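Going by our numbering, the first residue of the sequence shown is number -17, and it counts up by one from there.
We put the CB at the ideal spot given by N, CA and C, even for glycine.
On a predicted model such as this, the values are computed, not experimentally measured, just so you know.
Take a look at the structure set out below.
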Amino acid sequence: MVTNAGSHGDPSGDSPWETALAQLDEVAELMDLAPGVHETLRAPKRSLIVSVPFRMDDGTTKVVQGYRVHHNVTRGPAKGGIRYYQHVNLAEIKALAMWMTWKCAIVNIPFGGAKGGVQVAVRELSRAELERMTRRYASEILPLIGPERDIPAPDMNTDEEIMSWIMDTYSTNQGYSVPGVVTGKPVAIGGSRGRRGATSRGVMYMIFSTLKTLGRGIDEISIAIQGYGKVGGFAAQLLHDAGCRVVAVSDVDSGLYNERGLDPEAINRHKREAGTVKDFPGAEKITNRELLEIDCDVLVPAAIEGVITVKNADEIKAPIICEAANGPITFEADKILNDRGTFIVPDILANAGGVTVSYFEWVQDIQAYFWDEEQVNDRLRRIMEGAFEGVYALAKEKDLTLRQAAHWIGVGRVADAHLTRGLFP
Ligand code: NAD
-17 MVTNAGSHGD PSGDSPWETA LAQLDEVAEL MDLAPGVHET LRAPKRSLIV SVPFRMDDGT
43 TKVVQGYRVH HNVTRGPAKG GIRYYQHVNL AEIKALAMWM TWKCAIVNIP FGGAKGGVQV
103 AVRELSRAEL ERMTRRYASE ILPLIGPERD IPAPDMNTDE EIMSWIMDTY STNQGYSVPG
163 VVTGKPVAIG GSRGRRGATS RGVMYMIFST LKTLGRGIDE ISIAIQGYGK VGGFAAQLLH
223 DAGCRVVAVS DVDSGLYNER GLDPEAINRH KREAGTVKDF PGAEKITNRE LLEIDCDVLV
283 PAAIEGVITV KNADEIKAPI ICEAANGPIT FEADKILNDR GTFIVPDILA NAGGVTVSYF
343 EWVQDIQAYF WDEEQVNDRL RRIMEGAFEG VYALAKEKDL TLRQAAHWIG VGRVADAHLT
403 RGLFP
């Protein structure tokens, strides 16, 4: 039974939506946010629930539930990924949409926040079934999406090909090609160079900024990464190539540990054949729980939300956590870690590289003028490092955690836009 609480990895009932609201309420008080704006920002602007019927390969019909939520569009079109997951629910999508609003504002790109999801176990579908489901879901959310309105992107269990099906469905409906309706699509149809690894590259820049701030060297640190998907897998590769020792990785099936360091290229080869990191030779087998509790320098949760809760916060040993996943630490667990002095780079800053290059992709699509990868990566680095510096400086100035400072900046920019535009009517 799937509940509406939205707490996948979190047995304490501290759901992503409760976490997102608690974070907003906390910073609203700290920054003395105008009560009317605070109330406005607590509620998503619009939430669409759709029923998605599609044909299975055996001729039967399956019906699943889908969502698309716009949290806020005051600074520009709604922007946010679409995830496919059997436990997706409205409360979770609302939280993710709210975090997108703050994230876009922190890196100062002119988008609001959105998120979408379909409650489905992807592993149980053939590729053809997945395509029919995606096209029907895209048709159901057509009233909301468009390059000036709402631009979806990949997230958990969605990829470039799924983005091209959505782009094709939308374009077929319009009667002409509209590349700017989604980002994270293949370069052949208007995708951006550098988008595929952008979130992971951004995570790497945030780890490097942290190390520089703390006076530590890149080649002296060990890293554990939970989630070996688009974000975690590429981050492992980038960090390994940069000279860090990646000692542990995991996916939903299993975890791997090798104190001397893992070779992501070899793991990728194994994963391509086996479909999982499980049973990779040359590493000790560990559970996802054990991965989180490993004694290493940097922990990178890159899977799902709610994996660090009051139940395991005391067991986390890494002095630095860089949140590649959205909402991996619950509100109460965050307090425990902060009290212990853990340096946490919050999700809305740490994984903002993805939406930043999505913005670049949208700009390139609209201008029909494409950049080379070096330009993309260089602009990404400058934006991410600038955002880190801004958040870190505010945290120091006001004696805040990085999460509070990031929210302060994000919420502050959105509030400023609300107050500048005024309340209609
Ligand atoms: P993905 O589907 O490519 O990979 C997810 C990984 O997590 C897989 O390895 C999967 O096996 C693993 N996983 C799933 N459930 C798990 C569980 N219960 N325990 C341990 N591992 C589990 O997804 P992704 O795009 O890499 O996204 C990962 C996280 O990063 C999500 O929180 C997502 O919202 C966030 N994120 C993604 C992007 C992006 O550009 N894709 C951008 C910003 C944030």
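Check, Outcome
"Beta strand (DSSP E) segment containing Q101, residue limits", "G94 to Q101"
"Test item: CB-CB of I298 and I286 under 8 Å", "no"
"Whether T338 touches I91 by CB criterion (8 Å)", "yes"
"C-beta contact flag for P134 and E142 at 8 Å", "no"
"Contact check, E111 vs D39, beta carbons under 8 Å", "yes"
"Burial state of K194, where buried means 16 or more other Cβ atoms lie within 10 Å", "exposed"
"Pick from Q219, Y187, F36 and W344 that is closest to L331, judged by C-alpha positions", "Y187"
"The segment 359 to 371 in contact with the segment 171 to 189 per 3-pair CB rule at 8 Å", "yes"
"Three CB pairs or more closer than 8 Å across the segment 39 to 59 and the segment 83 to 100", "yes"
"C-alpha gap between A180 and E11, whole angstroms", "34 Å"
"As assigned by DSSP and simplified to three states, the class of G48", "strand"
"Supposed contact pair A60 and D132 - C-beta distance, whole angstroms, cut 8 Å", "4 Å"
"N- and C-terminal bounds of the beta strand (DSSP E) containing Q5", "Looking at the DSSP string, Q5 is not in any beta strand (DSSP E); the run it does join, the alpha helix (DSSP H), is P(-2) to L12."
"Run of the alpha helix (DSSP H) containing G62, from where it starts to where it stops", "Premise fails: G62 lies in the beta strand (DSSP E), A60 to Y67, not in any alpha helix (DSSP H)."
"Within 8 Å, strictly: CB atoms of A388 and P328", "yes"
"The ligand NAD heavy atom lying under 7 Å from the CB of M188", "no"
"S146, buried or exposed, once every other Cβ within 10 Å from all chains shown has been counted against 16", "buried"
"E202 versus E356: straight-line alpha-carbon distance, rounded", "27 Å"
"As assigned by DSSP and simplified to three states, the class of A17", "First, the amino acid is wrong: residue 17 is Pro here, not Ala. Of the three classes helix, strand and coil, the one that applies to P17 here is helix, per DSSP."
"Close Cβ partners of P263 (< 6 Å) along its chain, the five nearest in sequence each way excluded", "none"
"Boundaries of the alpha helix (DSSP H) in which Y187 is found, first to last residue", "A180 to L196"
"Alpha carbon of W81 to alpha carbon of N308, nearest angstrom", "8 Å"
"A(-13) - DSSP class collapsed to helix/strand/coil", "Low confidence applies here, because A(-13) scores a pLDDT of 38, under 50, leaving its location unreliable and the question unanswered by this model."
"Proximity test, I144 beta-carbon vs the ligand NAD heavy atom, cut-off 7 Å", "no"
"Distance between K212 and A375 (C-alpha atoms, nearest Å)", "31 Å"
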